[in-house]
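What follows is a short report on a single structure.
There are 4 protein chains.
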Amino acid sequence: MSASQFGSRFVITTFGESHGTALGVVIDGCPAGVQFDEALLRKELERRRPGHHGSGQIVSGRQEGDQAEVLSGVFEGKTLGTPMAIIVRNQDARSQDYSAIKTSPRAGHADDMWKNKFGHSDHRGGGRSSGRETVSRVMAGSVAQMMMKHVSGPTKVIGYASQIGPMTLTAEERSEVLNKDIDSFQGRFPSSRDSEVAELLKKAQENGDSHGGIAEILIQNPPAYLGQPVFHKLKSDLAMAFLSVGATNGFELGLGFEASEVKGTEFHKNSAGSQYGGIRGGISTGESILLRVSFKPTSSILDVAKKGRHDPCIVTRAIPVLEAMTWLVLADHYLWSKTDRI
Amino acid sequence: MSASQFGSRFVITTFGESHGTALGVVIDGCPAGVQFDEALLRKELERRRPGHHGSGQIVSGRQEGDQAEVLSGVFEGKTLGTPMAIIVRNQDARSQDYSAIKTSPRAGHADDMWKNKFGHSDHRGGGRSSGRETVSRVMAGSVAQMMMKHVSGPTKVIGYASQIGPMTLTAEERSEVLNKDIDSFQGRFPSSRDSEVAELLKKAQENGDSHGGIAEILIQNPPAYLGQPVFHKLKSDLAMAFLSVGATNGFELGLGFEASEVKGTEFHKNSAGSQYGGIRGGISTGESILLRVSFKPTSSILDVAKKGRHDPCIVTRAIPVLEAMTWLVLADHYLWSKTDRI
Amino acid sequence: MSASQFGSRFVITTFGESHGTALGVVIDGCPAGVQFDEALLRKELERRRPGHHGSGQIVSGRQEGDQAEVLSGVFEGKTLGTPMAIIVRNQDARSQDYSAIKTSPRAGHADDMWKNKFGHSDHRGGGRSSGRETVSRVMAGSVAQMMMKHVSGPTKVIGYASQIGPMTLTAEERSEVLNKDIDSFQGRFPSSRDSEVAELLKKAQENGDSHGGIAEILIQNPPAYLGQPVFHKLKSDLAMAFLSVGATNGFELGLGFEASEVKGTEFHKNSAGSQYGGIRGGISTGESILLRVSFKPTSSILDVAKKGRHDPCIVTRAIPVLEAMTWLVLADHYLWSKTDRI
Amino acid sequence: MSASQFGSRFVITTFGESHGTALGVVIDGCPAGVQFDEALLRKELERRRPGHHGSGQIVSGRQEGDQAEVLSGVFEGKTLGTPMAIIVRNQDARSQDYSAIKTSPRAGHADDMWKNKFGHSDHRGGGRSSGRETVSRVMAGSVAQMMMKHVSGPTKVIGYASQIGPMTLTAEERSEVLNKDIDSFQGRFPSSRDSEVAELLKKAQENGDSHGGIAEILIQNPPAYLGQPVFHKLKSDLAMAFLSVGATNGFELGLGFEASEVKGTEFHKNSAGSQYGGIRGGISTGESILLRVSFKPTSSILDVAKKGRHDPCIVTRAIPVLEAMTWLVLADHYLWSKTDRI
């Protein structure tokens, strides 16, 4: 297990600095025979791009226009069972914007941490600690999704913002989430109040301020019996996957922290209820899995170099990344389950 | 990476069913020359035992009296750098109590999940999905603690219950936590209201009910610069470690979910504040690390075989386990950091 | 991957010093539902014991009488899919015999290497560098064999000595190997000249001398298509497995070094010939796999503490160990192949 | 551990099909602060190119002219401690030459094995089973070499052919090997008879024939105490590394198979002799390490598509690859040894 590696069977290794030559991923462990869906790869990359959903421009103005190039592992439209390398070149580097950082590490950022840890670091735009690193995750996740489509067609992963700063989805809005086209909402906050969200974020950007928030990930029709006891419970691998995303600081399954206030007789009344979040004993039951991730307010507000270009809230952009991580965990555990019994 | 394996450098593999012959752990990767502190091992096992802190008997009556036996890896009081195997034999099996479960898997438990996943499972007392499995973690964690004492003497890991069912520590009580002997409190709830906690749990046990709760883990004086980008951030490995413990369903670092409600300008005002929880960019800053874990109400209330012997709240017992997992993550990342730079 | 760990899917971790409390292995990754054949485990341990085949006493007189104890992972005669821990306690430690070594590391042994590497080592009888360590491999290998019986009944692994010191099997004797009961031959050298071998070894023991030799492992009816490109070719994993056994210093597949003297047109004339050794492109073809391992003369002749009790040739004893390693590689790659294609 | 991954600390993952878009490697685990020596990378790639040493053209005429591109992990001339991705694009694909293979897999090649294993394979020029795959190893090996230069300056890895078909180095020639510029010899066979070798190989190419051979790798001044007991002895990892190279079928350390014919009293007479090959108990002693690898005659003679362009002997080209694998094992074990003791 190396530092930039994730997964035990469907194994990915990501690489790339924010302002280096390219970012990418090698996927080692994807079985042969998976239909390679390049349109899906492009679509997921597009969904990750700042400002490329909803009608507004409420996220960082950096136009990445990422073009994925598949270097290996695919032949005549299908995976070969060999490692798949996919890269994206950095184009809009604007390294001049970042030159100020050379002497002064960005406050609130991890720049100083990396500098002290490694003794030598790429100061340009956060290097590998930048959110740009998630491009690799999204590419890998799209391949995991392709594989899962083969083996578990009905499985769906849906992410949305349930809270952005002070604004929270109502119970009714949450119950309607599956009937909405999440990407059509500004902030991926599926509510009629989405223009208020846009307003909130616009103001924050103008004021050099930012907001935290909460993303929810719903896995519909997951395969049952995924998850390995003891350390690789489905929930522990999901928690690790989500907390590996920058700016995250909380994770919940099902009822989460609220469960601490419910009596056992109440909590366990309905043995197939959503309070369990679709995972019992660390293993998927086949019921919907509900996950929540909290994000702290973006720290780039402190970053002089990003003046006026910072993301006022990271949740919206993080959603395709969390979805990608979810697909990766599912694909990994699906393959793992192939050897549960003789 | 196999299913019952944890860690990348300080690697442990645990084994053992609740009512099998023995439980244990193999630690592969502990360096040679660590003073082996058998008293510490015994003490931590004792702390994990039900009902062996505080004055009351508010947890499951099963008397385990675990005797650890070190099979390898230690010679003349010091570690050899070879794998350390430590086991505990099961004595108080009371397998007759559990015979009822043979035909009917225990509701709310993971028994049916395991049965369906593996096709063949040990129905006695939960087999490996039982909380008894944590004996192995506590033994391994005590060795990790021994190693950390060598290399980072001032580092301390302190766990306590901040919420048990409806009862929550006050702000003042929390600020006093470091001055308290946590184990002297019933429920490890460091408050003058601990007799109320005892009463609450006693009642729950009588009524066949249970409570969830929240445990907090505070790491004082952690080594700085632990954590590996990208997937093995210190926070992601801690989240995975904690969520791998049974009955957990939430994790927070620093402010956690609350941070979603704070404006960025407010949140980032103090760059060395506790809101970050002692980890930035996934890397320890050297400041105290604050972690919170939520637990759902114990499901054993539904277990006919455990009538009257169930734990009314798992948080109290889980604290030494969470501490052990914390030491394991620290030891793993400490060794990992040895090769950060040339 | 930790130091005492072997395998990627069928993962084992071994532990134990020669004169410590116990030796053992944890197998993590064996699927559920494998019939546990305790008689096979006992038989393989017995086959590994010095002097317990043939009629003579041509190997080290240490009577180990190893009793395996299964601590976990098996229930009602079948594997649970959970980690299987199996241990053997050390009884005949005779630590007094070894006390002389405390101050002077044993010449020719690895004792001094370990001492310098780790700073602290168990000097008694070689600690973990002793041949006694192979008990764990044989136990694990027997479980791998149980699993393979389920999934590939006709597969057989047959080991024998093809050379002991100056004595070599004739071409005719080699061609007859499958019709012989190898264990009935002294030295596991399947030849009518086995009494000469016994005489040779007896003399060596009396003279404080030793011999090297060559073991051959034949895998009959292996599953086809085992082996993973690029680094985990079946041949590379077998080479690693065999070279991890003490005193080995050479490995050959099929024709081996001899192939360097044959012209390509000759070598490749018969595309299904034994010259390939049953592996092409690193992948098993389904044909018999032939492997050869060379051993240097035992170094224990230099060991004052072992005066008169040393093994005059290690090949004979090593054969059950090499067979065990072969089963482990087969089981590992069998499970691995389950995810080759979707 | 995934299929195309090698190493435990200095971890590489390679990718790329022979006639795909690109080949490459991701190195995860190289510490920060290593001087990146691009000239060395270029030189090693050049040394791997067919026909680019000596005066003759005795190897396959495919002109690769590989241009390495570093995508990540290096900044201002030094490694960042983040993953380093290095790729080489395929240019001279000549896919038309290989179109004949589409329906008929190449005899003697692994093409049919891959086809049957994965169900879907890249038939063009061997896909990933082609020798072209070794480009990735050579690039990774050059980085390992850069790291080792920092930490163990005097260490050198020297490879040469000791046998090509019927021609073998004399004892005198072998003893002179360190005084020779190996690359200046045709066939990397450091003998005055190198023109005979050239003649031999030329004839073989004309006759559609090929030869096997033996490569020797000498590690001068290796760091002492590298190698991990039990399964990751230095010798087992080296054996695995070498046997993972295509067309190999034998491995020897020190005296190798010859040792089986030497009496123990003779063999162990000189406790620091070369018969041990510089490794004892699986651990490097600090003395020179001598390794030998045998290769079968190239199978491409059977390949209609390669008519007149096949390599008549693979040994010469394999030498930079074996050297690269050696550097990788050294770098991996060097980092590993950093945590041997507290």
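Protein chains in written order, with our numbering: chain Y, 4 to 345; chain Z, 4 to 345; chain G, 4 to 345; chain D, 4 to 345.
Every residue, glycine too, gets a C-beta built ideally from N, C-alpha and C.
Item	Value
Contacts that G267(D) makes with chain G (C-beta to C-beta distance below 7 Å)	D212, S213, H214, P300, T301 and I304
Residue burial classification, A275(Y) (beta-carbon count within 10 angstroms, cutoff 16)	exposed
Test: G259(D) CB closer than 8 Å to a CB of chain G	yes
Buried/exposed call for E179(Y), threshold 16 Cβ in 10 Å	exposed
Minimum Cβ-Cβ distance from R196(D) to chain G less than 8 Å	no
Interface partners of R45(D) on chain Y, CB under 7 Å	The contacting residues do not exist; R45(D) stays about 17 Å from chain Y at best.
At least three beta-carbon pairs within less than 8 Å, the stretch 142-162 of chain Y to the stretch 260-277 of chain Y	no
Any alpha helix (DSSP H) of 4 or more consecutive residues that is wholly inside the stretch 168-226 of chain G	174-178 and 197-209
Whole runs of the alpha helix (DSSP H) within the stretch 220-270 of chain D, excluding any shorter than 4 residues	237-246 and 267-270
Below-8 Å beta-carbon distance, E20(D) vs any chain Y residue	yes
At least three beta-carbon pairs within less than 8 Å, the stretch 129-146 of chain Z to the stretch 321-335 of chain Z	yes
Proximal chain Z residues relative to V154(D), where beta-carbon distance stays under 7 Å	I345
Per-residue DSSP class, three states only, for S302(Y)	helix
Contact between the stretch 159-172 of chain Y and the stretch 187-194 of chain Y (3+ Cβ pairs under 8 Å)	yes
Alpha carbon of S213(Z) to alpha carbon of S340(D), nearest angstrom	49 Å
Among A71(D), A35(D) and S132(D), the one whose alpha carbon lies nearest that of Q231(G)	S132(D)
Residue span of the beta strand (DSSP E) that contains A71(Y), given as start and end	A71 to V73
Cβ shell of Y279(G) (< 6 Å), same chain only, five flanking positions each side left out	G257
Neighbour list for Q8(Y) in chain D, Cβ cutoff strictly below 7 Å	D31
Three-way DSSP call (helix, strand, coil) for D125(Y) in this model	coil
Partner residues on chain Y for A25(D), Cβ-Cβ distance less than 7 Å	L74 and S75
Exposed unless 16 or more other CB atoms sit within 10 angstroms - verdict on E47(D)	buried
Coarse secondary structure for Q60(Z), derived from DSSP in three states	Confidence is the limiting factor: at Q60(Z) the pLDDT is only 49, short of 50, which leaves the residue's position unreliable, though a coordinate-based value still follows. Residue state, collapsed to three classes: coil.
Rounded distance between the beta-carbons of V37(Y) and I345(G), thought under 8 Å	5 Å
For M4(Z), three-class secondary structure by DSSP	coil
Bridge partners - L294(G), DSSP secondary structure assignment	I220(G) and L256(G)
First and last residue of the uninterrupted alpha helix (DSSP H) at R92(Y)	Segment M87 to R92 is the beta strand (DSSP E) holding R92(Y); no alpha helix (DSSP H) there.
Beta-carbon gap between K81(Z) and H126(G) smaller than 8 Å	no
Segment contact flag, the stretch 221-230 of chain G with the stretch 277-292 of chain G, C-beta cutoff 8 Å, min 3 pairs	yes
Spatial neighbours of S7(Y) in its chain, beta-carbon cut-off 7 Å, leaving aside the 5 residues before and after	T16, T17 and F18
Residues near I304(D) by beta carbon distance below 7 Å, same chain, minus five either side	G211, D212, S213 and H313
Interface residues of the stretch 271-283 of chain G facing chain Y [CB-CB below 9 Å]	none
Under 8 Å from the C-beta of G357(D): neighbouring residues of chain Y	With chain D covering 4 to 345 only, the question about residue 357(D) has no answer from this structure.
Interface flag, T319(Z) vs chain D, CB-CB below 8 Å	no
CB contact below 8 Å: T137(G) versus chain Z	no
Where the beta strand (DSSP E) containing D31(G) begins and where it ends	A25 to D31
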